[in-house]
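Some notes on the structure that comes next.
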Amino acid sequence: MRTRYSFVQILLHWLVFVLVVLTYTTMDIKGCFAKGTPLRELLALTHYSLGFCVLFLMCIRLFVRGMYVTPPVKPALPRWQHYFSGGAQILIYLMFLSLPVMGILSQYYGGHDWTMFNILMPKSVFPDLPLQKLLKTLHEWLANAGYYLIGLHTLAALWHHYRRRDNTLIRMLPSRK
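The numbers in the numbering used here rise by one with no breaks, and the one at position 95 of the sequence shown is 107.
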């Protein structure tokens, strides 16, 4: 049985990590510029494109996850930690699949032109501004909650590595070969 995740799983994990950092960063930096300025618009368009990349890679991750058996944690986790870990993973997957979908739908129902990768994207012929506002609010709330979930994920990995001294973190790190 494997002791680490596959190369593809590790690569996808860290690519998603980099994209999530960049996606969050573009929105955080965007707020430093006045509305309507070219740089603010560029940051927003970059955010949309990066968000779509996160969605695309998360879909691939789901597919790839089904192809491999999860390597066991050694020493084995207590049952409650095993369930907590699985629940946290499900939340992370749901978050990074639903955030881009809500963002895309928010733009779609906004009724204004928008682009992704510098390509004009479809917009609803019947804009629904209350729905657009709801989707945007949910998107922003979930993104803010993401800071805590990502922090919990990171702290748990470090706790497993330095305190519990198991292979949880090692399983997802690139090989030293």
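Glycine included, C-beta positions come from ideal geometry on N, C-alpha and C.
Endpoints, the alpha helix (DSSP H) within which residue i is located
i: Leu74; result: Pro50 to Arg77
i: Trp171; result: Leu141 to Trp171
i: Asp40; result: Phe19 to Lys42
i: Leu106; result: Arg91 to Tyr121
Test item: CB-CB of residue i and residue j under 8 angstroms
i: Trp126; j: Tyr60; result: yes
i: Leu161; j: Met107; result: yes
i: Val81; j: Val32; result: no
i: Leu24; j: Val76; result: yes
i: Pro83; j: Arg14; result: yes
i: Pro90; j: Asp178; result: no
i: Val28; j: Leu74; result: no
i: Thr166; j: Val85; result: no
i: Thr38; j: Leu55; result: yes
i: Ile22; j: Pro186; result: yes
i: His173; j: Gly115; result: no
Buried versus exposed call for residue i [16 or more other C-beta atoms within 10 Å across all chains shown]
i: Gln101; result: exposed
i: Phe64; result: buried
i: Val20; result: exposed
i: Thr49; result: exposed
i: Arg183; result: buried
i: Leu62; result: buried
i: Tyr95; result: exposed
Bridge partner(s) assigned by DSSP for residue i
i: Met128; result: Ile131
| Is the stretch 82 to 99 in contact with the stretch 120 to 140, if contact means three or more CB pairs nearer than 8 angstroms? | no
| request: Check whether the stretch 112 to 120 touches the stretch 141 to 148, counting contact only when three or more Cβ pairs, one atom from each stretch, lie closer than 8 angstroms. | output: yes
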